[in-house]
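**Student:** The opening residue of the sequence shown carries number 1 in UniProt numbering; numbering runs sequentially from there.
We put the beta carbon where it would ideally sit given N, CA and C, even for glycine.
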Amino acid sequence: MNLQQSKNYPAQLVFINGQQTITNSLIVADYFGKLHHHVLRKIETILKDAPHEFTSNHFWCDVKNQQVGATTRDLKCYHMTKDGFMFLVMGFTGAKAAELKINFINAFNEAQKRLNSTQHPFERQRMMFTWEGGKIVSSQPIHDDQFVTSRDKLVQYMREPRFLSLEQLLEISEAANQQIATLARLAEKQARLR
């Protein structure tokens, strides 16, 4: 189903991530009928021209590995808040663009209403989307304490200041130190047996 045909389903345009309602450049490109690299170029111009205080709060980049034929390439995607989205689409003109902007604004407002009406923090819903050829092919909810990453990116994510709390980092550090000690003991035993 094309996102443009599903305007009554704001979760496909906007989703809740923690305490924010967000969308991303792939969804915007698909919904507005634009090429994704054109939307990326517009966002990167915004990042270059607009104040860093604004852009750092409303845009962030995510790079995912994507299989294309026999090769793997990185697929860059920008996530954005409602304010980032509004800044991005200000330049989209015409009657159709106006209608699509209104649909997106309504989707953000609906998602924000759901977020605001949540009494318990675990009632919020984060979603993981699977993309093929620039289209969403599946989605599934993920809990606040879950994340999906590759082993290669795990260390990079752990170094990000807001990704894990101090308590979580200490817990991971303790588990890693225990595993290192266990592996060191095993290596020492194997060395003695040789």
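Taking one C-beta from the segment 182-190 and one from the segment 91-98 each time, how about it: are there three or more such pairs within less than 8 Å?
**Tutor:** No, the segment 182-190 does not touch the segment 91-98.
**Student:** Assuming residue 13 is part of the beta strand (DSSP E), what are its boundary residues?
**Tutor:** Here residue 13 refers to the residue found at position 13 of the sequence shown. No beta strand (DSSP E) contains residue 13, which DSSP labels as neither H nor E.
**Student:** From what residue to what residue does the alpha helix (DSSP H) around residue 36 run?
**Tutor:** Residue mapping note: residue 36 aligns to position 36 of the sequence shown, counting from 1. That run of the alpha helix (DSSP H) goes 36-49.
**Student:** Using a Cβ-Cβ cutoff of less than 8 Å, which residues in the same chain neighbour residue 169 once the five nearest sequence positions on both sides are dropped?
**Tutor:** As a working note, residue 169 is residue 169 in the sequence shown. For residue 169, where only same-chain residues beyond five positions count, the Cβ hits under 8 Å are 158.
**Student:** Per DSSP, what are the beta-bridge partners of residue 64 in this structure?
**Tutor:** As a working mapping, residue 64 is identified with position 64 in the sequence shown. Residue 64 pairs with 75.
**Student:** Name the one or two DSSP bridge partners that residue 22 has.
**Tutor:** Within the sequence shown, residue 22 is the residue found at index 22, counting from 1. Partner(s): 15, 81.
**Student:** Using the C-alpha atoms, what's the distance from residue 183 back to residue 87?
**Tutor:** Within the sequence shown, the letter at position 87 stands for residue 87. Within the sequence shown, the letter at position 183 stands for residue 183. Answer to the nearest angstrom: the Cα atoms are 51 Å apart.
**Student:** From what residue to what residue does the alpha helix (DSSP H) around residue 173 run?
**Tutor:** For the purposes of this step, residue 173 is taken as residue 173 along the sequence shown, with counting starting at 1. That run of the alpha helix (DSSP H) goes 166-193.
**Student:** Going by beta carbon distance, what residues of the same chain come within less than 7 Å of residue 36, once the five residues before and after it are set aside?
**Tutor:** Counting from 1 along the sequence shown, the entry for residue 36 is found at position 36. 25, 26, 29, 134, listed in sequence order.
**Student:** Under 7 Å Cβ to Cβ from residue 4, same chain only, skipping five residues before and after it: list those, please.
**Tutor:** Translated into positions along the sequence shown, residue 4 becomes position 4. The pLDDT assigned to residue 4 is 40, lower than 50, so where the model puts this residue is not dependable; a value taken from the coordinates is nonetheless given after this. Around residue 4: 31.
**Student:** Could you check whether the segment 106-114 touches the segment 43-57, counting it as contact only if at least three pairs of C-beta atoms, one from each stretch, sit closer than 8 Å?
**Tutor:** The segment 106-114, when compared against the segment 43-57, does not touch it at the 8 Å Cβ threshold.
**Student:** To which residues does DSSP link residue 59 through a beta bridge?
**Tutor:** For the purposes of this step, residue 59 is taken as the residue at position 59 of the sequence shown. Answer is 80, bridged to residue 59.
**Student:** Mind reading off the beta-carbon distance from residue 80 to residue 59? Whole number of angstroms is fine, and I expect it under 8 Å.
**Tutor:** Numbered from its first residue, the sequence shown carries residue 80 at position 80. Numbered from its first residue, the sequence shown carries residue 59 at position 59. Confirmed, Cβ separation roughly 5 Å.
**Student:** So with Cβ pairs under 7 Å, would you call residue 130 a contact of chain C?
**Tutor:** Absent from the structure is chain C; it holds one protein chain and no more.
**Student:** On the three-state DSSP scale, how would you describe residue 104?
**Tutor:** Within the sequence shown, numbered from 1, the residue matching residue 104 stands at position 104. In the structure shown, residue 104 sits in a helix (DSSP, three-state: H, G or I).
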